[in-house]
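Step one of this worksheet: look at the structure below.
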Amino acid sequence: MKKNTINWFEIPVADIKRATSFYEQLLATPLKTETFGPPGKGSPMTVLKSDGGVSGALVQVNERKPSNDGALIYLNVDGELDTVLGRVSKAGGQVVTPRTEIGQNGSYAVFRDTEGNHVGLHQS
Numbered sequence: 005m006k007k008n009t010i011n012w013f014e015i016p017v018a019d020i021k022r023a024t025s026f027y028e029q030l031l032a033t034p035l036k037t038e039t040f041g042p043p044g045k046g047s048p049m050t051v052l053k054s055d056g057g058v059s060g061a062l063v064q065v066n067e068r069k070p071s072n073d074g075a076l077i078y079l080n081v082d083g084e085l086d087t088v089l090g091r092v093s094k095a096g097g098q099v100v101t102p103r104t105e106i107g108q109n110g111s112y113a114v115f116r117d118t119e120g121n122h123v124g125l126h127q128s
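Counting in my numbering, the final residue of the sequence shown is number 128, and the numbers go up one at a time with none missing.
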């Protein structure tokens with residue numbers, strides 16, 4: 005039986021340094037960029053930390069471009085939705101959908117990052 009339907013995600017970026025800075029400010033945590041792939045041909049990737057479960061990364065690869073009309077992923081903000089939303093514009097992003105209550109399922113919001121991706125935030 006599967007533990008999670010999703011086990012990894014990648015957010016495409018045009019500028020890995022700018023995107024890493026944005027997500028470090030947004031999530032209030034330092035992130036590390038590494039190169040993954042064959043030596044000399046690898047791509048920069050910044051892993052978004054996880055305490056187990058689903059994790060993902062910011063990736064700068066020619067095959068994927070940032071977009072606001074692709075799949076929408078939601079980052080878990082553990083009850084800190086308002087705090088994290090308060091960091092969006094300071095970090096260079098824009099709130100697209102403000103905090104929205106969804107009953108027993110908590111609340112969510114959506115922002116546009118510095119690369120043009122729309123990403124959701126969720127708290128139970």
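Even glycine gets a Cβ: it sits at the ideal position worked out from N, Cα and C.
Would you call the CB atoms of residue i and residue j closer than 8 Å?
i	j	result
T118	F13	no
I15	N121	yes
P48	T33	no
L85	R103	yes
By the DSSP assignment, the alpha helix (DSSP H) with residue i in it spans what residues?
i	result
S111	Where S111 is concerned, there is no enclosing alpha helix (DSSP H), although the beta strand (DSSP E) it sits in stretches over 111-116.
I20	20-31
In or out: residue i buried (at least 16 other Cβ within 10 Å) or exposed?
i	result
T39	exposed
T24	buried
Roughly how far, in whole angstroms, is the beta-carbon of residue i from the beta-carbon of residue j, given that I think they are within contact range, below 8 Å?
i	j	result
G83	Q127	5 Å
Could you spell out the range, first to last residue, of the beta strand (DSSP E) harbouring residue i?
i	result
T37	37-40
Given this structure, state the Cα-to-Cα distance separating residue i from residue j, to the nearest angstrom.
i	j	result
N80	L125	6 Å
K69	A61	14 Å
P43	D19	21 Å
T50	I106	31 Å
V99	V123	10 Å
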